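A quick write-up on the structure given underneath.
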Amino acid sequence: MNIEARIVSKVQKALLELYDTDMASEKIQVQRTRKDFTGDFTVVVFPFLGFTKRPPEQTGEEIGQFLKEKVDEISDFNVIKGFLNLIIGNDFWLRFLNSMHQRGHIYDFALESGQGKIVVEYSSPNTNKPLHLGHIRNNLLGFSISRILEATGHEVKKVNLVNDRGIHICKSMLAWQKWGQGETPESKGVKGDHLVGDYYVLFDQEYKRQVAELTEKGYTREEAEKEAPLMKEARQMLHRWEQDDAQTVELWKKMNGWVLEGFEQTYQALGIDFDRVYYESQVYKLGKEQVQKGLEAGAFFTGKDGSVWADMADEALDQKLLLRSDGTSVYITQDIGTAIQRYQEFDFDQHIYVVGNEQKYHFQVLKILLGKLGYEWAENLHHLAYGMVELPEGKMKSREGTVVDADDLIDEMLQTAETMTRESGKVGDFSDAEKNRIYHSIGLGALKYFILKVDPKKNMTFDPKESVDFNGNTGPFIQYSYARINSLIQKAGERNISVPEQVKASTPINDKEIQLIKLIHQFPSFIQDAASEMNPAVIANFVYELAREFNQFYHEYSVLSAEDEQLVQLRMVLSIQVSRVIREAMWLLGIDLPERM
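So in our numbering, spot 452 of the sequence shown is number 454, and the numbers just go up one at a time.
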């Protein structure tokens with residue numbers, strides 16, 4: 003039984019003996035003590051006041067005194083209003099350090115398995131342009147959340163729905179058909195997704211020119227956008243594609259193939275993967291049958307033009323189009339079908355969609371529509387909404403070609419990492435191959451950490467140079483801390499300093515060492531918090547605090563040259579456990595760690 007469970011058990015006993023009340027364990031709140039209070043664990047007293055018939059301070063004092071007498075690990079306590087703060091003695095922390103030293107994983111002692119199946123959908127790119135900075139945030143969040151959920155005992159399936167059909171795809175196709183002159187990624191020497199994206203921008207430029215000409219001739223803006231010849235041709239191409247026109251489908255397959263190959267290269271560069279990839283072209287019809295069933299059951303209604311709608315007045319929302327008058331589906335229809343398909347395929351307990359916060363309404367409606375169709379599991383759909391990511395220069399727009407391509411940003415990160423690492427003089431004696439591996443680890447680690455340390459709900463500005471700083475709350479700072487401990491371990495081996503299986507109970511231990519052990523102990527609870535909040539920033543900021551605390555300890559106290567052998571052994575064991583937590587925390591974030599820097 004871990005210390006939190008022991009505290010809960012003893013609080014139950016205190017309530018029974020002091021107040022003749024039997025309270026269920028799940029109603030007893032034990033949490034980490036806030037940093038501005040003295041203590042390690044806090045018991046929330048307010049739920050007990052109904053039967054103690056005493057002020058919160060007196061109730062806390064009585065329970066605190068009981069716990070101090072009955073729980074050996076509790077050395078002292080204090081009460082602040084309705085919060086009982088418990089202080090755990092040093093003996094416990096030393097025993098905990100020894101127990102962690104003998105384990106394979108840091109976090110497995112506190113986390114359970116068999117927590118249910120979760121599907122996480124992320125990435126979901128369009129095949130009319132390359133992945134960009136916004137996609138990077140999406141992919142990093144989805145991948146990290148998947149690892150965090152797996153660490154908390156869930157069976158996770160990582161899926162990607164590639165949007166490979168629709169009018170936006172036809173825009174790129176039409177532009178290449180008109181002006182491409184048969185060029186290919188090979189002939190131009192560029193990745194396929196970049197080539198196709200150039201034609202998407204070209205379409206938009208020509209379309210805007212045509213719209214401007216029509217408005218000068220007296221058309222309204224809305225009329226001009228609808229009547230522009232280029233847009234009409236794009237709609238005709240989409241219609242031909244949906245009618246399986248052989249020539250159109252052949253062009254679609256060729257250009258989509260270019261893009262998909264480019265996507266895969268970017269995913270590999272980011273270290274991202276999926277268990278299953280779906281394609282909109284293969285699943286977009288799935289929801290139409292479900293909508294028809296809903297129509298027959300009276301859940302939906304038909305408009306005057308034959309289109310199909312859902313009335314969501316009972317949910318205080320507008321009517322929602324499900325099928326156009328020509329029978330073609332819309333995005334929400336497709337998502338109805340794919341949600342049902344995935345439930346049938348995976349029998350999930352939860353389905354998480356990692357999608358920007360501008361789609362909040364879409365997923366709110368999706369749950370309502372599936373509920374109207376009788377699917378109770380619709381309540382288990384969750385939209386992990388994240389904010390916009392920008393560069394210091396400002397916003398990005400795909401159609402105008404001002405988006406920062408993911409590949410270009412990755413290249414810039416590698417170059418920045420190389421420049422700043424060379425300037426720091428940290429890799430002077432390394433081979434060229436090792437230097438390149440380190441530049442790659444630092445560059446990608448900086449990118450991933452800088453994005454993941456921000457709460458997903460918040461908008462953020464990504465600054466490449468700031469992210470590669472070796473000081474402060476950055477990936478390279480944490481990576482360097484890990485490499486520093488590895489260097490320490492290597493030096494210990496060179497000096498024939500042995501690491502014991504256990505630290506002796508009589509070993510003196512200072513406040514800094516205790517603080518590091520407490521952080522190691524808290525790691526599983528931070529993983530649980532990150533999973534329940536679906537927020538990798540919880541892990542990112544925890545591992546930064548751990549690395550910062552270790553560096554302060556390292557500067558204040560000698561490890562290998564400590565005043566006696568017991569202290570050397572304690573600090574070596576402690577350093578090794580810190581490095582293990584850093585490694586596992588960064589793994590949850592999808593970040594590699596160089597063994598030396």
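In this text, a Cβ means the ideal position worked out from N, Cα and C, and glycines have one as well.
Predicted model only: the values in this text are computed from it and were never measured.
- Nearest in C-alpha terms to W589, of all of N498, K520, L454 and E503, is L454.
- In this structure, DSSP gives T40 a state outside helix and strand, which the three-state scheme calls coil.
- The beta carbon of V279 lies closer than 6 angstroms to those of N162 in the same chain, with the five residues before and after it left out.
- Residue nearest to L449 within the set D465, I440 and G259 is D465 (criterion: CA-CA distance).
- Of the residues assessed, Y202 falls on the buried side of the cut-off, its CB having 16 or more other CB atoms within 10 angstroms.
- For L386 and S508, the gap between their C-alpha atoms comes out near 49 angstroms.
- Assigned with DSSP and collapsed to three states, H384 falls in strand.
- In the DSSP assignment, Y556 falls outside any beta strand (DSSP E) and within the unbroken alpha helix (DSSP H) covering A539 to E558.
- The shortest CA-to-CA distance from Y388 to any of I354, G376 and K374 is the one to I354.
- Setting aside the 5 residues that flank it on each side, M175 is surrounded in the same chain by M239, L253, W254 and M257, each with a C-beta closer than 7 angstroms to its C-beta; the list follows chain order.
- When the beta-carbon positions are compared, G592 and F145 come within less than 7 angstroms of each other.
- Look at K119 here: in three-state DSSP terms it is strand.
- Within the same chain, S327 come within 6 angstroms of D307 by CB-CB distance, once the 5 residues on both sides are set aside.
- The shortest CA-to-CA distance from M314 to any of P57, G373, G184 and A549 is the one to G373.
- L518 has its alpha-carbon roughly 8 angstroms from the corresponding atom of L576.
- Under DSSP, no beta-bridge partner is assigned to E395.
- In this structure, the CA atom of M390 is about 12 angstroms from the CA atom of H134.
- H523 carries a helical assignment under DSSP once its states are collapsed to helix, strand and coil.
- Taken atom to atom, the span from the alpha-carbon of K159 to that of V122 is near 6 angstroms.
- Beyond the five residues adjoining it in sequence on each side, F98 comes within less than 7 angstroms, by CB distance, of I519 and H523 in the same chain, given in chain order.
- Here V570 is not near L490, since their CB atoms are 7 angstroms or more apart.
- The stretch 42-51 makes contact with the stretch 84-93: 3 or more CB pairs, one atom from each, lie closer than 8 angstroms.
- Given a length threshold of 4 residues, each whole run of the alpha helix (DSSP H) inside the stretch 210-239 is given here in chain order: 223-229.
- The DSSP-derived three-state label of Q104 is coil.
- If you draw a straight line from the Cα of S148 to the Cα of I412, it is about 22 angstroms long.
- Scanning its chain for C-beta atoms nearer than 7 angstroms, with the 5 sequence neighbours on each side dropped, one finds no residue around A214.
- Cβ-Cβ distances below 6 angstroms link V356 to Y124, N140, L143, G144 and L386 in the same chain, with the five nearest sequence neighbours on each side left out; the list follows chain order.
- The Cβ atoms of Q212 and A236 do not sit closer than 7 angstroms to each other.
- A direct Cα-to-Cα measurement between Y451 and E395 gives close to 21 angstroms.
- Setting aside the 5 residues that flank it on each side, M415 is surrounded in the same chain by G445, L446, A448, L449, P466, S469 and V470, each with a C-beta closer than 8 angstroms to its C-beta; the list follows chain order.
- Contact between the stretch 455-464 and the stretch 531-544 is present: 3 or more CB-CB pairs across the two stretches fall below 8 angstroms.
- A distance below 6 angstroms between beta-carbons, with the five flanking residues on each side excluded, links Y441 to the following residues of its chain, in chain order: L416, A419 and E420.
- For N128, the pairing in a beta bridge is given by DSSP as N165.
- Distance between L18 and T61, taken at the CA atoms: about 13 angstroms.
- Our two residues, D22 and N80, have alpha carbons roughly 24 angstroms apart in a direct line.
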